[in-house]
Amino acid sequence: MKKTVALLLCILFVAVFFTACSEACSSAGNCAHSWALTAFVTEQTEVPFAAEFTCEKCKQKKVDSFTYNDIDIPLISLTGDLSAIDEADSVSKDIKVIVGFSYQSKEESFSCVASVKYQGKSTASYAKKNYSVNLLEADSTTKKGVTFQDSWGAGSKFVLKSNYTDPSAARNIVLSALYGEIAHDPRLTDPYEELVNGGAVDGYPVLLYVNGQYRGLYDWNIRKDAWLFGMGDDTAGEAVVCGTEMDVINGDDGLVIYPEEGRPSKAWEYEYVNENYGEEGWAVESFNEMLFAIRNADSAQVKSVIAEYTELPRLLDVILFNCIFGAEDNITGNHVFCTYDGKKWAPVPYDLDRTLGRSGVSLVEPNADLAEVIECNLLYKIVLEAYFEEICARYTSLRDRILTVENVMSLFEEKLQGVDDRYFAAELQKWQEATWLESENAAEITGLQKELDFIRSFLAGRFAYCDTFFTSEN
């Protein structure tokens, strides 16, 4: 009697694969069957048990349900009742559900349980969601530490990023890696030196299934957490504050977080704070002290005040980085600031999918003046004006090594290894209302390579513009 098994990870070979494998093969050592993945489906399907295949080599390929042999992208599956997080305002209400989690790659395969919620206030309205994932042991309480990349170390908190606005599906992880190259050149003796990508996230592509339904191509990223920032010393003045609304950042009173009973305002939040370091609310007070000191400094004092209250090399690098790559989200409202001593603060880049010529449905010209965008961020505006010559010198020092078209495109090639037009086509099939499809050049982007060509062209124009802008004569 024919047995069937429901796929947890529903990647299928074309029908000819099953026809060929159901026939006798000459010997176990001389299997002539093709294992190239040429198609996959987007919903739960049933396939024969491996025992029904007469070819011994094919039997070894398929045990129980599905073994990972023919694609180079890890597979992640979530199984369980996720209906609670579909509730309106589930992000602001911090609604989580416990579900089954499985991970499968050529290097590792395991299953556990996980706490899952939607991630990102703005992206929660998209059809293709971001997920925040906390891996747990069987008791559904104890954190499960897993090392997915040697440089990450063991961690339990991750994000499945949908890249709904980015047809390349890699802007975020590529520019994070590029910032890491900038942050580690030269090597500095500060806490950021020991961090993956200097505090920016790191990640790689995966395929996601939810209850057997294909959800698309995602990035599996380190989450914005104490682990990412190397924090956890009970005696140190360590904190990470995040903000999303510019009217709170600039406001009538200038750059300030308005504290509410020792906490940041509703537009800001602690991602981490060592509450044992000082009195309640110390991080808000410290951050505001930095902002007020810089805002109120006169022209003769401003450079020394900035140096006193910030990790200056990191601050200058982030401003330069944001200007070059059009990271408007990081300038106008998606902020992550860190301190390791309770006094000196510095930003780190975060959420970099609206960059490199794209900002949602809008296209950004290579010669766009990002210094104008910085006008709305008082802190960055003051620092850019005070340290413009130093920022120009930094740009020049990086220009022929890290800040090149070929270096950036090589990172795309590295991060997108295993990703090709099959997955791009599946994204178009699955998510026909993706934000970028409303952009002016959507009809021209018929495949992944077309989007990479668009990025290459933008970079060439952008670097040409920056070569002129970042000169001491400007």
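Its first residue numbered 527, the sequence shown is counted upward by one per residue in my numbering.
Just so it is clear, CB atoms sit at the ideal spot from N, CA and C, and this is done for glycine as well.
For clarity, every value in this text was computed on a predicted model and none was experimentally measured.
Would you list the one or two residues that DSSP bridges to residue i?
{"i": "P731", "result": "D745"}
{"i": "T865", "result": "A765, W871"}
{"i": "R884", "result": "L889"}
{"i": "F995", "result": "BP columns for F995 are empty, so no partner."}
{"i": "F636", "result": "Y629"}
{"i": "F1001", "result": "Since the first and last residues shown for the chain are 527 and 1000, residue 1001 lies out of range."}
{"i": "K670", "result": "Answer is none; K670 lacks a bridge partner."}
{"i": "L721", "result": "In DSSP, L721 forms no bridge with anything."}
{"i": "V736", "result": "L604, Q739"}
{"i": "K643", "result": "S658"}
{"i": "E795", "result": "C768"}
{"i": "I624", "result": "S641"}
Alpha carbons only, please: which of the options is nearest the one belonging to residue i?
{"i": "T881", "options": "I708, Q943, F847, A819", "result": "F847"}
{"i": "K687", "options": "R697, A912, E797", "result": "R697"}
{"i": "T865", "options": "L929, V831, A919, N800", "result": "N800"}
{"i": "N656", "options": "Y906, R988, S648", "result": "S648"}
{"i": "R982", "options": "C992, S936, A969", "result": "S936"}
{"i": "W962", "options": "A990, G883, R948", "result": "G883"}
{"i": "V625", "options": "G742, S635, E633, I611", "result": "I611"}
{"i": "V766", "options": "F813, R927, E805, V727", "result": "F813"}
{"i": "G804", "options": "G763, H861, M816, A819", "result": "G763"}
{"i": "G973", "options": "P712, A951, V909, E932", "result": "A951"}
{"i": "A833", "options": "N967, K941, A990, I908", "result": "I908"}
{"i": "E633", "options": "C902, S965, F674", "result": "F674"}
{"i": "V828", "options": "L978, F914, F980", "result": "F914"}
{"i": "L701", "options": "D877, V831, K670, S830", "result": "D877"}
{"i": "A680", "options": "L954, F984, L754, P712", "result": "L754"}
{"i": "L817", "options": "I845, W794, Y906, D879", "result": "Y906"}
{"i": "I895", "options": "C849, L910, Y740, V931", "result": "Note that residue 895 is Asp in the sequence shown here, rather than Ile. Cα-wise, what sits closest to D895 is C849."}
{"i": "G769", "options": "A752, E795, D759, F980", "result": "E795"}
{"i": "I699", "options": "R713, G725, D711", "result": "G725"}
{"i": "E959", "options": "D620, R925, S830, D692", "result": "D692"}
{"i": "D620", "options": "S641, D711, F984", "result": "S641"}
{"i": "L954", "options": "D867, E806, Y740", "result": "Y740"}
{"i": "T989", "options": "L924, E806, D760, D947", "result": "In the sequence under discussion, the amino acid at residue 989 is Phe, which differs from the Thr named in the question. When each option's Cα is compared against that of F989, the closest is L924."}
{"i": "S666", "options": "S825, D926, W957, V623", "result": "V623"}
{"i": "D759", "options": "F996, V934, D867", "result": "D867"}
{"i": "T501", "options": "D993, K669, V810", "result": "Because the chain here runs from 527 to 1000, residue 501 falls outside it and cannot be looked at."}
If I'm right that residue i touches residue j with Cβ under 8 Å, what's the distance once you round it to whole angstroms?
{"i": "F938", "j": "S694", "result": "7 Å"}
{"i": "L734", "j": "R821", "result": "Actually they are not in contact, since the Cβ atoms of L734 and R821 sit about 44 Å apart, beyond 8 Å."}
{"i": "Y690", "j": "Y730", "result": "Incorrect: roughly 18 Å between the Cβ atoms, too far for contact."}
{"i": "K654", "j": "G742", "result": "6 Å"}
{"i": "P892", "j": "G987", "result": "3 Å"}
{"i": "L661", "j": "C638", "result": "6 Å"}
{"i": "D879", "j": "A709", "result": "Going by Cβ atoms, the distance from D879 to A709 rounds to 20 Å, so no, they are not a contact pair."}
{"i": "K941", "j": "A703", "result": "7 Å"}
For residue i versus residue j, is the C-beta spacing smaller than 7 Å?
{"i": "V732", "j": "Y718", "result": "no"}
{"i": "S628", "j": "K643", "result": "no"}
{"i": "N747", "j": "V685", "result": "yes"}
{"i": "D598", "j": "G859", "result": "no"}
{"i": "S885", "j": "E837", "result": "no"}
{"i": "N722", "j": "S682", "result": "Going by the sequence as given, residue 722 is Val instead of Asn. Contact flag unset, no."}
{"i": "I928", "j": "E707", "result": "yes"}
{"i": "K750", "j": "E797", "result": "yes"}
{"i": "A872", "j": "R920", "result": "no"}
{"i": "V736", "j": "L601", "result": "no"}
{"i": "Y835", "j": "A819", "result": "yes"}
{"i": "I857", "j": "V890", "result": "no"}
{"i": "V887", "j": "S965", "result": "yes"}
{"i": "L910", "j": "I845", "result": "yes"}
{"i": "V931", "j": "L978", "result": "no"}
Should residue i be listed as close to the ligand FMN, given that the test is whether its C-beta is under 6 Å from any heavy atom?
{"i": "V766", "result": "This structure lacks the ligand FMN, and indeed carries no ligand of any kind."}
Identify every run of the alpha helix (DSSP H) within the region 810-838, keeping only runs that are complete inside it and at least 4 residues long; order them along the chain. Complete alpha helix (DSSP H) runs here, min 4: 828-835.
At 4 residues or longer, and completely inside the region 895-958: list those alpha helix (DSSP H) runs for me, N to C. Complete alpha helix (DSSP H) runs here, min 4: 896-900, 904-912, 914-925, 931-941, 947-956.
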